[in-house]
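Some notes on the structure that comes next.
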Amino acid sequence: MEWFNAVDSTYKADLYELNERNFQRFDDKLERRLGELRAELLQQIGELRGGLGQRITELRLESQRDLAETKSSLLRWMFGFWVGTLAPLAGLVIYLTR
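Just add 86 to wherever you are in the sequence shown, counting from 1, and you've got my numbering.
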């Protein structure tokens, strides 16, 4: 009976050691894969930041161009309005002062 108990405890110790080695290999592999994933994610985030910065710059330039065009158009309309208003007004003042 003691022999069976000794064999049993030996097998338990061997099994425990085997499980520990397997867990260590699993843990090492998991750490390596997480490191690879982390590096890949950081690279993709960097690429997205660069693309986003470039797109923001493009949109800023486009909005500035559109604003300048709108301002130019508005000034032309204002000039046309005031010339169209002042010409008849000047004619009316000249007519009334005679």
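For glycine and all other residues, C-beta sits at the position ideal for the given N, C-alpha and C. As the structure is a computational prediction, the values presented were derived from the model and not from experiment.
May I have the straight-line CA-CA distance separating residue i from residue j, to the nearest angstrom?
| i | j | result |
| --- | --- | --- |
| residue 99 | residue 117 | 27 Å |
| residue 96 | residue 104 | 12 Å |
| residue 127 | residue 162 | 52 Å |
| residue 153 | residue 169 | 24 Å |
| residue 184 | residue 177 | 11 Å |
| residue 182 | residue 171 | 17 Å |
| residue 130 | residue 144 | 21 Å |
| residue 138 | residue 124 | 21 Å |
| residue 88 | residue 106 | 27 Å |
Within a Cβ cutoff of 8 Å, which residues of the same chain sit near residue i, ignoring the five residues on either side of it in sequence?
| i | result |
| --- | --- |
| residue 121 | none |
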